[in-house]
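Chemist: Every position in the sequence shown, counted from 1, becomes a number in my numbering once 544 is added.
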Amino acid sequence: MNNSIDTQGNIVIVDDQPNNLRVLSGILQQAGYKVRPALDGDVALKSIKSSPPDLVLLDIRMPEMDGYEVCRRLKADEQTRDIPVIFISALQDMEDKLSAFRAGGVDYLSKPFQMEEVLARVKAHLKLYRLQRDLQTIIDERTRDLRLTLESLSESQKQYAGVLEDTIQALSMTIEKRDPSTAGHQYRVSLIAVEIAQEMGTAGELIEGLRLGAMVHDIGRIYVPVDILTRPGPLSPVEFALVKTHPQVGHDIINHVHFPWPVPDMILQHHERMDGSGYPHGLKGDEILLEARIIGVADVMEAMSSHRPYRPAPGLERALAEIRRGAGSIYDADVAAACLRLFEEKGYSIPKFFE
Ligand SMILES: [Fe+2]
545 MNNSIDTQGN IVIVDDQPNN LRVLSGILQQ AGYKVRPALD GDVALKSIKS
595 SPPDLVLLDI RMPEMDGYEV CRRLKADEQT RDIPVIFISA LQDMEDKLSA
645 FRAGGVDYLS KPFQMEEVLA RVKAHLKLYR LQRDLQTIID ERTRDLRLTL
695 ESLSESQKQY AGVLEDTIQA LSMTIEKRDP STAGHQYRVS LIAVEIAQEM
745 GTAGELIEGL RLGAMVHDIG RIYVPVDILT RPGPLSPVEF ALVKTHPQVG
795 HDIINHVHFP WPVPDMILQH HERMDGSGYP HGLKGDEILL EARIIGVADV
845 MEAMSSHRPY RPAPGLERAL AEIRRGAGSI YDADVAAACL RLFEEKGYSI
895 PKFFE
């Protein structure tokens, strides 16, 4: 049987007695190991550092620097700390053995040497060390691969998020270019909706979907003729019926986009009201998505604070009075309460971008 794998290995032997060095070196060299002897701790440390071996056999009692100190220095150096150290000593004292392990040794050999014992222990520790190094190499490689995969993933995720954001903004601007009187409406609704959701302590993931959904909640207005959207004065029942199609149209447009959030339903339900008085489906209470309930309140706040071609702005006070009046009946009680807290207690005001 070829046992060259078992006898491959560089071993440094440290002993202040030349005779001991000779005996040990002889045993190990005969077994096929490469051996480097050292007569004192200082020489040993330099030799080990310049060319790290696979194993160190280290005498305890030596003049100048003893074996414990040599071992401690090896263990304190990142380059040499993993190299296994087997202590050798004539002493049988239990306390010595304990000190050897405490100093970082993996094993202990007693003099006089039993050849079989020396070879068995050296072989076992070399094998263990080799396995540990192989394992470490595998772990390092896997960690590096994983890190590279994660980096490229997060890079493409960032790109995806950027494209999504740009697309949503482009969609948002498409409808507002057509009807400049509502320029910035969706953007401001989005800002208010996010503020309300944060005030409610809503989870971050929901808020991100809410932010994007709110930015396109009126996209269905693209279907409504511009002169109806911009004409001052009241609408006829037929015209109003046309305006009321915008949540469904918006839903149908966005429904082809695979969002990780229920954006199409946010759009579909943003005019639904808690008591079932909204449109298009007259949904009630929990049948309406939380995001849609939040957008509904933010929409009222923004719309009533802004001028429209067909009416002057009722103003912030009237908007807040409307939310207070409908809290718990038309509007979700928690959403309305968060909205009122924001504006009345925390001094939040609607940003004036796009004006
Ligand atoms: Fe709307």
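Using N, Cα and C, we set each Cβ at its ideal position, and we do this for glycine too.
When DSSP builds the beta bridges, which residues end up paired with lysine 578?
Modeler: Note: lysine 578 sits in a beta bridge opposite Asn554.
Chemist: Roughly how far, in whole angstroms, is the beta-carbon of valine 841 from the beta-carbon of isoleucine 740, given that I think they are within contact range, below 8 Å?
Modeler: About 7 Å separates the two Cβ atoms, so the contact holds.
Chemist: Please tell me whether, using a cut-off of 6 Å, the distance from the CB of aspartate 762 to the nearest non-hydrogen atom of ligand 1 is below it.
Modeler: Aspartate 762 Cβ: within cutoff of ligand 1.
Chemist: If you check the beta carbons only, do proline 895 and leucine 735 fall under 7 Å apart?
Modeler: A contact, by the Cβ cut-off of 7 Å.
Chemist: Over what stretch of residues does the alpha helix (DSSP H) that includes isoleucine 798 continue unbroken?
Modeler: Looking at the DSSP string, the run of the alpha helix (DSSP H) that includes isoleucine 798 is 790-798.
Chemist: Of all the options Pro824, Ala863, Asp586 and Ala880, which has the alpha carbon lying nearest to the alpha carbon of arginine 837?
Modeler: With distances taken between Cα atoms, arginine 837 lies closest to Ala880.
Chemist: How about methionine 759 and isoleucine 712: do their beta carbons lie closer than 7 Å?
Modeler: Yes; because the gap between Cβ atoms is below 7 Å, this pair is in contact.
Chemist: Give the list of continuous alpha helix (DSSP H) stretches no shorter than 4 residues that lie fully inside the segment 740-772.
Modeler: Segments of the alpha helix (DSSP H) lying fully in the segment 740-772: 748-759.
Chemist: Does the beta-carbon of glutamate 889 have 16 or more other beta-carbons within 10 angstroms, so that it is buried, or is it exposed?
Modeler: The residue is exposed, with fewer than 16 neighbouring Cβ atoms inside 10 Å.
Chemist: What does a CB cutoff of less than 7 Å around leucine 884 pick up in its chain, not counting 5 residues either side in sequence?
Modeler: Only Leu864, Ile867 and Arg868 meet the Cβ criterion.
Chemist: Could you tell me whether the segment 757-777 touches the segment 721-729, where touching means 3 or more Cβ pairs closer than 8 Å?
Modeler: Taking 8 Å as the limit for Cβ pairs, the verdict is that the segment 721-729 does touch the segment 757-777.
Chemist: Quick one: is alanine 620 buried, meaning 16 or more other Cβ sit within 10 Å of its Cβ, or exposed?
Modeler: Exposed is the call here.
Chemist: Within 10 Å of its beta-carbon, does asparagine 563 have 16 or more other beta-carbons around it, so buried, or fewer, so exposed?
Modeler: That one is exposed.
Chemist: Starting from isoleucine 627 and walking both ways along the beta strand (DSSP E), at which residues does that stretch end?
Modeler: Counting along the chain, isoleucine 627 falls outside any beta strand (DSSP E), and DSSP gives it neither H nor E.
Chemist: Compute the Euclidean distance between the alpha carbons of aspartate 640 and glutamate 660, then round it to the nearest angstrom.
Modeler: The alpha-carbon atoms of aspartate 640 and glutamate 660 are separated by roughly 23 Å.
Chemist: Would you call the segment 685-698 in contact with the segment 584-602, where contact means no fewer than 3 C-beta pairs closer than 8 Å?
Modeler: Counting Cβ pairs under 8 Å, fewer than three are found: no touch.
Chemist: In whole angstroms, give me the CA-to-CA distance for arginine 625 and leucine 618.
Modeler: For arginine 625 and leucine 618, the distance between alpha carbons rounds to 5 Å.
Chemist: Who pairs with serine 595 in a beta bridge, going by DSSP?
Modeler: Serine 595 is not bridged to any residue.
Chemist: Got a sec? Which residues, its chain only, sit under 7 Å from leucine 715 by beta carbon, not counting five neighbours each side?
Modeler: Excluding sequence neighbours, leucine 715 sits near Val760 and Ile763.
Chemist: Is it a yes or a no for the segment 563-582 touching the segment 673-685, going by three-plus beta-carbon pairs under 8 Å?
Modeler: No: fewer than three Cβ pairs fall under 8 Å.
Chemist: Please classify threonine 718 as buried or exposed, where buried requires at least 16 neighbouring CB atoms within 10 angstroms.
Modeler: Its Cβ having fewer than 16 others within 10 Å, threonine 718 is exposed.
Chemist: At the level of alpha carbons, what is the spacing between glycine 553 and glutamate 608?
Modeler: Using only the alpha carbons, I get a separation of about 28 Å.
Chemist: Judging by CA-CA distance, which residue of Pro581, Tyr704, Glu835 and Gln623 is the nearest neighbour of methionine 818?
Modeler: It is Glu835.
Chemist: Is alanine 871 helix, strand or coil by DSSP?
Modeler: Alanine 871 falls in the strand class under three-state DSSP.
Chemist: Rounded to whole angstroms, what is the Cα-Cα separation between aspartate 710 and glycine 757?
Modeler: Looking at the two C-alpha atoms, the distance is approximately 13 Å.
Chemist: Span of the alpha helix (DSSP H) holding tyrosine 673?
Modeler: Counting along the chain, the alpha helix (DSSP H) containing tyrosine 673 begins and ends at 659-722.
Chemist: Check each candidate in Lys828, Arg616, Ile627 and Gly748 and name the one with the smallest Cα separation from arginine 674.
Modeler: For arginine 674, the nearest C-alpha among the options comes from Ile627.
Chemist: Answer with buried or exposed for valine 801, where buried requires no fewer than 16 other C-beta atoms within 10 angstroms of its C-beta.
Modeler: Answer is exposed; the Cβ neighbour count stays below 16.
Chemist: Where do the ends of the beta strand (DSSP E) carrying leucine 653 lie?
Modeler: Start and end: 651-654.
Chemist: For isoleucine 592, which residues of its own chain have a beta-carbon under 6 Å away from its beta-carbon, when the five flanking residues on both sides are left out?
Modeler: Cβ neighbours of isoleucine 592 beyond the five flanking positions: Val556 and Thr624.
Chemist: Applying the 10 Å Cβ sphere with the 16-neighbour rule, what's the burial state of valine 807?
Modeler: Buried, because 16 or more other Cβ atoms sit within 10 Å of the Cβ of valine 807.
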